[in-house]
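One structure is given here, and the rest of the page talks about it.
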C-alpha cells in the first residue's frame with residue numbers, strides 16, 4: 040500500500056497565433072486534485088483543505104510563480120510550434 044503523487048502539466052490554446060496559451064499544472068495525491076497552478080491567474084488555487092493551505096504557501100513565493108508563468112513561453116509555445124509545423128498544419 041503506497042501513495043501516489045502526480046503533477047501533470049498541460050498547455051491549452053484556441054488561437055492559431057497561440058496568444059491565448061495557458062499552462063495548467065495540477066497537483067494530484069491519491070487521485071484527488073488538491074491544488075493547481077494556472078498561468079492565466081498567475082497563482083495556485085487550492086481545492087481541498089490541504090490544497091488551500093499549500094496554495095497559500097506556494098503563492099508567497101513570487102519568484103517561483105513568475106518562473107511557472109514563464110513556462111508558457113519556454114515550454115508550451117516551443118512544443119506547440121513544433122507540433123504545428125509537423126502535424127497540426129497538415130490536418
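Numbering (the numbering used here), first residue to last: 40 to 130.
Built from N, CA and C at the ideal position, the CB exists for glycine as well.
Owing to the predicted nature of the structure, the values given are computational and were not obtained by experimental measurement.
Counting along the chain, the unbroken alpha helix (DSSP H) around residue 124 starts and ends at 116–125. The alpha-carbon separation between residue 62 and residue 77 amounts to approximately 6 Å. Minimum Cα-Cα distance from residue 102 among the listed residues 89, 82 and 43 corresponds to 82. With 16 or more neighbouring CB atoms inside 10 Å of its own CB, residue 66 falls in the buried class.
For residue 118, the closest alpha carbon among the candidates 41, 50 and 40 is that of 50. Each of 100, 72 and 104 was checked against the Cα of residue 89, and the nearest Cα belongs to 72.
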